[in-house]
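Chains as they are written, first to last, in the working numbering: chain A, 1 to 327; chain B, 1 to 327.
Below is one structure, written out as C-alpha cells, with a few remarks after it.
Protein chains: 2
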Amino acid sequence: MGRSIKDMIADMRSGDQRSLARMITAVENRTQGWVDIMKAVYPLAGSACVMGITGSPGAGKSTLTNRIAKDLVEAGMKVGIIAVDPSSPFTGGALLGDRLRMRDICTLDHVFIRSMATRGVLGGLCQAARDVTRILDASGKDVVLIETVGVGQDEIEVVRASDFVVLVTFPGQGDGIQVIKAGTMEIADLFVVNKADRDGADELLSEICAMLELSCSVRGEIPGVVKTSCITSEGIDDLMKLIYGFVARKRKEPGPAGEHVREEILDLMEREIFRTVRKSFLNNDALARGIDRIVKGKTDPYSVSFELIQAFLMQDEDISRGGTRHG
Amino acid sequence: MGRSIKDMIADMRSGDQRSLARMITAVENRTQGWVDIMKAVYPLAGSACVMGITGSPGAGKSTLTNRIAKDLVEAGMKVGIIAVDPSSPFTGGALLGDRLRMRDICTLDHVFIRSMATRGVLGGLCQAARDVTRILDASGKDVVLIETVGVGQDEIEVVRASDFVVLVTFPGQGDGIQVIKAGTMEIADLFVVNKADRDGADELLSEICAMLELSCSVRGEIPGVVKTSCITSEGIDDLMKLIYGFVARKRKEPGPAGEHVREEILDLMEREIFRTVRKSFLNNDALARGIDRIVKGKTDPYSVSFELIQAFLMQDEDISRGGTRHG
C-alpha cells in the first residue's frame with residue numbers, strides 16, 4: 001500500500017480533489033492503512049494557517065466563513081473548510097440551512113469543504129479535526145477554516161487545537177456577554193460582533209471591550225475586536241486585515257504547536273484502545289449476560305463493567321478500587 | 001468501608017444534605033471506594049423523574065429551572081438540580097450570572113443543587129451525570145432537573161439519558177428554528193418558547209408547531225409546545241401542568257430505561273481503561289522520549305502512540321493496522 005499512498009499524496013498535492021477526499025474518508029473511517037496515510041502526511045503539514053471560527057448557534061458563522069473564504073481565494077490563496085456539524089443523534093444529519101448557504105463557495109476552485117459529524121467519529125472529534133486539518137495542510141491549502149459551534153466540550157477542544165480563534169457574537173440575545181461564557185472567551189484571538197446591522201451591536205461591542213480590559217488572552221495578547229455585517233459589508237475589510245495578519249504570522253512561524261503533542265498521543269492511544277475494547281465486546285457473551293442480569297435487577301452496571309475490564313486487561317491490579325492491590 | 005457507606009446512605013435518605021454532598025464528591029472524584037457507593041446506591045434509585053432542561057446560551061434555562069424547582073417544592077416534592085456548566089477550560093469556572101440567579105432557591109429546603117464542570121470530569125460527563133442523578137434519586141428526590149447547554153455532543157448525551165427533555169428556545173435570534181438544530185430537536189418531549197414578553201415569540205411558536213407537524217418525536221409522540229415568560233409569568237401554569245404530567249407518568253412506570261444499559265457499561269469500561277492508561281503514562285520514559293522525537297521532527301504522534309499501545313496491551317494483535325495479524 002506504500003506506493004499507492006505516495007501516488008495519492010502526489011495527486012492530492014497537484015490539486016486533485018478526489019484523491020484528497022478519498023484520503024480524508026479513509027482516515028476518518030479508520031480504514032486499514034489509515035495510520036500509514038497519516039505517517040506520510042505528517043511531515044508535509046505545518047505551513048497552513050489553521051483558524052477556528054466559533055460562536056453560538058445563530059451567530060452567522062457559516063455566512064462569515066463563506067465570506068472569509070471567498071476573500072482569501074480572491075487574494076490568491078487556497079482554502080480548506082472543515083464544518084463541524086452538531087448533527088442530530090437520530091437522523092445523523094443537520095438541517096440544510098447552513099449547507100445551502102455555503103453552496104456558492106462550493107463551486108469555487110481552491111476551496112475544499114468537508115463536513116464532520118460530531119457524533120460517532122471513530123477517532124474522536126478532536127483527533128478527527130487534527131487529522132483532516134493535516135491532510136488539507138499537506139495538500140497545499142494556505143488556510144484551513146474550522147467552523148464549529150463553540151459550546152460543547154469536544155467542540156472547544158477542536159478550536160483549541162487551531163493556530164488562531166475567531167469568536168463570532170451577535171446582538172439581540174439580551175444577556176449580552178453572558179452568552180459567550182462557554183469557555184471560548186479566553187481562547188479567542190479575535191472577537192467579531194456580527195450582524196452589526198441589528199440593534200444592540202454597539203452595546204455588545206462596548207461590553208466586550210470592557211471585559212477585555214479586565215482580562216487577558218491566554219497568549220498574553222489583547223484580542224482584536226471588530227464589528228461586521230455580511231448584509232451591509234460593514235467591517236469586512238477590517239476583519240480581513242486582521243485575518244491576513246494571522247496568515248502572515250503563521251508564515252513567519254510555521255510548524256505545529258509543540259504543547260499539544262502529549263495530549264494528542266494520549267488521545268490517539270485512548271481511542272485505539274477503546275476501539276479494541278468495543279470490537280472485542282461486539283458479540284461478547286459475558287456482556288450480553290451482564291446486561292440481562294442488570295435488566296432483571298440482579299446486578300448493576302458498575303459491577304458488570306469492572307468484571308469485564310478485569311477480564312479484558314487480565315491484570316493483577318484491582319482497578320475497581322482505584323489502583324489498590326488485591327490478593 | 002461497607003458499614004460506613006450504609007450509614008452515609010441512611011443519613012442521606014433521612015435528609016442529611018452533607019452526607020449527600022459527600023457521597024457525590026467521592027463518586028465524582030473517583031475516590032477509592034466509589035464503586036462500592038454506586039453499587040449500594042443503584043438498587044435504591046429508579047423512582048425519581050429525571051428531566052433534562054436544555055437550550056442555547058441565553059435562552060433563560062437557569063431562570064426557568066429555578067421557577068420549575070420552586071413550584072415543585074411548593075407542591076410538596078423534593079428536587080435535585082444538576083447544573084452542567086460549560087466551564088472555562090482555563091479558569092475552571094463559569095461567569096457568575098447563572099449561579100447568582102439560582103441563589104434564591106439555594107435557601108429552600110428540599111432543593112439540592114449540584115454544579116458539574118464539563119471539563120476534566122474523571123468518569124466522563126455523561127457517566128458523571130448518571131452517577132449523580134442516581135445518588136439524588138436514591139436520596140429520595142422526587143424530581144431531578146438537569147440543566148445543560150444543548151449543543152455539544154457530550155451535553156446532548158447527558159440529556160438523552162433523562163426520562164423527559166424540555167427544550168428551551170427564545171425569540172430574537174433572527175434565524176428562528178435554525179438555532180435549535182443541534183441534535184436536541186428530535187429528543188425534546190416539550191418545547192418552551194421562553195422570553196415570550198419579547199417580539200417574535202408568536203412567530204417562533206408557529207415555526208416550531210409547523211416543524212413538529214413535519215416530524216415526530218423519537219418516542220413516537222408529538223411533543224408539547226408552550227410559551228412562557230418568567231417576567232410576566234405567562235404560560236408558567238401551563239408549563240407546570242405538562243411537567244406534573246411527566247412526573248405522574250414516571251410514577252406509573254418507574255425504573256431505569258433498559259435501552260441505555262449496554263452504552264453505560266461500555267462508557268464505564270472506556271473511562272476506567274482511559275484512567276488506567278493515563279495513570280500508567282504519567283511519568284513514562286517512553287512517552288517522554290516519543291514527545292522529544294516528535295518535537296525534533298524525527299517521528300510523528302501516530303507512530304509513537306501505536307508503539308506505546310502495543311507495549312501497553314502486550315498483545316500479538318497489530319492494532320495499528322486495524323486488527324490484521326503480523327508475523
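Even glycine gets a Cβ: it sits at the ideal position worked out from N, Cα and C.
- Per DSSP, reduced to three states, the secondary structure at Ala83/B is strand.
- By the neighbour-count criterion, in which a residue is buried when 16 or more other Cβ atoms sit within 10 angstroms of its Cβ, Gln127/A is buried.
- Identification of chain A residues near Arg278/B by a Cβ-Cβ cut-off of 7 angstroms yields Leu266, ordered along the chain.
- Sorting Val41/B, Asp238/B, Lys296/B, Leu308/B by C-alpha distance to the C-alpha of Gly140/B places Val41/B at the top.
- Per the coordinates, the alpha-carbon of Leu204/B lies some 6 angstroms from the alpha-carbon of Pro171/B.
- Interface annotation, Ser303/B: in contact with chain A, CB-CB separation under 8 angstroms.
- Under the three-state reduction of DSSP output, Cys126/A falls in the helix class.
- If you draw a straight line from the Cα of Val84/A to the Cα of Arg18/B, it is about 42 angstroms long.
- For Lys39/B, the closest Cβ of chain A is nearer than 8 angstroms.
- Only Arg30, Thr31, Gln32, Gly33, Trp34, Val35, Met38, Lys39, Tyr42, Pro43, Ser56, Pro57, Gly58 from the segment 29-63 of chain B bring a Cβ to less than 8 angstroms from some Cβ of chain A.
- Secondary structure remark: continuous alpha helix (DSSP H) runs of at least 4 residues inside the segment 228-253 of chain B, in chain order: 236-252.
- Look at Ile68/A here: in three-state DSSP terms it is helix.
- In the structure shown, Ile53/A falls within a strand segment according to DSSP collapsed to helix, strand and coil.
- Residues of chain A whose Cβ lies closer than 9 angstroms to the Cβ of Ile291/B are, in chain order, Gly258, Val261, Arg262, Ile265.
- Against chain B, the CB of Met269/A has a partner CB under 8 angstroms away; the residue lies at that interface.
- Contact between Met12/B and Val27/B does not hold, since their C-beta atoms are separated by about 12 angstroms, which reaches or exceeds 8 angstroms.
- In this model, Val226/A and Lys195/B are separated by some 29 angstroms (Cα to Cα).
- Excluding the 5 residues flanking it on each side, Asp202/B has no same chain C-beta neighbour closer than 6 angstroms.
- For Val143/B, the closest of Phe191/B, Ile53/B, Ile222/B by C-alpha to C-alpha distance is Ile53/B.
- Residue contact check for Asp300/A against chain B: a CB pair falls below 8 angstroms.
- In terms of CA proximity to Ser115/A, Ser62/A leads the group Ser62/A, Lys70/A, Met77/A, Pro57/A.
- Beta bridge pairing from DSSP links Arg114/B with Ile82/B.
- Within chain B, the C-beta atoms nearer than 8 angstroms to that of Phe306/A come from Val35, Leu268, Glu272, in chain order.
- In the DSSP assignment, Phe164/B falls within the beta strand (DSSP E) that extends over 164-169.
- Burial check for Lys296/A: the Cβ neighbour count within 10 Å stays below 16, so the residue is exposed.
- If you draw a straight line from the Cα of Arg293/A to the Cα of Val304/A, it comes to about 9 angstroms.
- Setting aside the 5 residues that flank it on each side, Lys6/B is surrounded in the same chain by Ala40, each with a C-beta closer than 8 angstroms to its C-beta; the list follows chain order.
- By the rule that beta-carbons nearer than 8 angstroms mark a contact, Val144/A does not touch chain B.
- Using beta-carbon distances, Phe246/B does not count as an interface residue toward chain A, since no partner is under 8 angstroms.
- The C-beta of Glu213/B has fewer than 16 other C-beta atoms within 10 Å across all chains shown, which makes the residue exposed.
- Taking 8 angstroms as the threshold, the shortest C-beta distance from Val295/A to chain B falls below it.
- Between Phe191/B and chain A, the shortest Cβ-Cβ separation is not below 8 angstroms.
- Neighbours of Leu287/B across chain A, judged by C-beta separation under 7 angstroms: Ile265.
- Runs of beta strand (DSSP E) with 3 or more residues, each lying fully within the segment 184-217 of chain B, are found at 190-193, listed in chain order.
- Identification of chain A residues near Ile208/B by a Cβ-Cβ cut-off of 7 angstroms yields none; the smallest Cβ-Cβ distance measures about 13 angstroms.
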